[in-house]
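Trainee: Residue numbers (this note's numbering): 251 to 389. A single structure is presented below for examination.
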C-alpha cells in the first residue's frame with residue numbers, strides 16, 4: 251500500500267527535500283538524511299505505508315529490526331560514532347521509519363537526544379555521494 255503524499259512511499263522530489271535514497275534493504279529502504287551535522291545520519295523506512303510497528307506482523311518486525319541493525323553496523327563501520335541514537339517519530343508523516351543519528355563525544359548534543367535539524371549542515375552532491383559509498387561498502 252502506498253500513500254501518494256508520502257515521501258517514503260513516492261520517493262522522487264518529495265523525498266529529495268530531506269533525503270537521498272541509498273538502497274533497498276530486506277523490508278525497508280535506507281535513506282541518507284540531507285542534514286548532516288551528525289555525519290552518517292540515516293533513516294530506515296519500512297516499505298509499506300503503515301503508521302505503527304504494531305501494524306506489521308512479528309516476522310515483518312524482526313525483518314525491519316534486522317534492516318535497522320544492518321544499517322547501524324554500516325554507519326558504525328563507516329563513521330565510527332561514539333554512540334548511535336535511534337528515533338522513531340511519525341507525528342506528521344505517519345509512515346513507519348527509524349532515524350539513526352550518530353553521536354560524537356564533544357559535539358553540541360552529547361549527553362542528550364538529537365535534534366531534528368540542529369545546525370542545518372548540508373553538503374555538496376559529491377560529499378553526499380562519498381558518504382553513500384562509505385555506507386554501501388559496509389552494508
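Glycine included, each C-beta is placed from N, C-alpha and C at the ideal position.
#1: Measure the alpha-carbon distance for residue 384 versus residue 263 and round it to whole angstroms.
#2: In whole angstroms, what is the alpha-carbon distance linking residue 205 and residue 355?
#3: Return yes when the Cβ of residue 284 is within less than 8 angstroms of the Cβ of residue 261, no when it is not.
#4: Judging by CA-CA distance, which residue of 281, 306, 344 is the nearest neighbour of residue 325?
#5: How would you call residue 336, buried or exposed, if buried means at least 16 neighbouring beta carbons within 10 angstroms?
#6: Determine the contact status of residue 440 and residue 345, defining contact as a CB-CB distance below 8 angstroms.
#7: Could you say which of 252, 350, 265 lies nearest to residue 329 if we only look at CA atoms?
#8: Can you give the Cα-Cα distance for residue 388 and residue 381, rounded to whole angstroms?
#9: Among 277, 361, 271, 259, which has the Cα closest to the Cα of residue 311?
#10: Sorted by chain position, which residues of the same chain lie with C-beta nearer than 8 angstroms to residue 372's C-beta, five sequence neighbours on each side aside?
#11: Along the beta strand (DSSP E) that carries residue 337, what are the first and last residues, could you check?
#12: In terms of alpha-carbon separation, which member of 357, 342, 317, 319 lies closest to residue 332?
#13: Of the residues 361, 352, 265, which one's Cα is nearest the Cα of residue 321?
#14: Which residue comes first and which comes last in the alpha helix (DSSP H) that contains residue 265?
Mentor: Judging by the given coordinates:
#1: Translated into positions along the chain shown, residue 384 becomes position 134. Translated into positions along the chain shown, residue 263 becomes position 13. For residue 384 and residue 263, the distance between alpha carbons rounds to 24 angstroms.
#2: The structure shown has nothing for residue 205, since the chain only spans 251 to 389.
#3: One-based indexing of the chain shown puts residue 261 at position 11. One-based indexing of the chain shown puts residue 284 at position 34. Not a contact, by the Cβ cut-off of 8 angstroms.
#4: Walking along the chain shown from the start, residue 325 turns up at place 75. When only C-alpha atoms are compared, the closest one is 281.
#5: If you number the chain shown from 1, residue 336 lands on position 86. Counting Cβ neighbours within 10 Å, residue 336 comes out exposed, since fewer than 16 surround it.
#6: As displayed, the chain neither begins before 251 nor continues past 389, which places residue 440 out of reach and without an answer.
#7: Numbered from its first residue, the chain shown carries residue 329 at position 79. Ranking the options by Cα distance to residue 329, first place goes to 350.
#8: Taking the chain shown and counting its residues from 1, the one referred to as residue 388 is at position 138. Taking the chain shown and counting its residues from 1, the one referred to as residue 381 is at position 131. So the two alpha carbons sit approximately 11 angstroms from each other.
#9: Here the question's residue 311 lines up with position 61 in the chain shown. Selected option, being the one with the closest Cα: 277.
#10: On the chain shown, position 122 is the one that residue 372 refers to. Answer for residue 372: 284, 285, 286, listed in chain order.
#11: The residue given as residue 337 occupies position 87 in the chain shown. 333-337 is the extent of the beta strand (DSSP E) around residue 337.
#12: To locate residue 332, count along the chain shown from 1; it is residue 82. Closest by alpha carbon: 357.
#13: In the chain shown, residue 321 corresponds to position 71, counting from 1. It is 352.
#14: Residue mapping note: residue 265 aligns to position 15 of the chain shown, counting from 1. Unbroken alpha helix (DSSP H) run through residue 265: 262-266.
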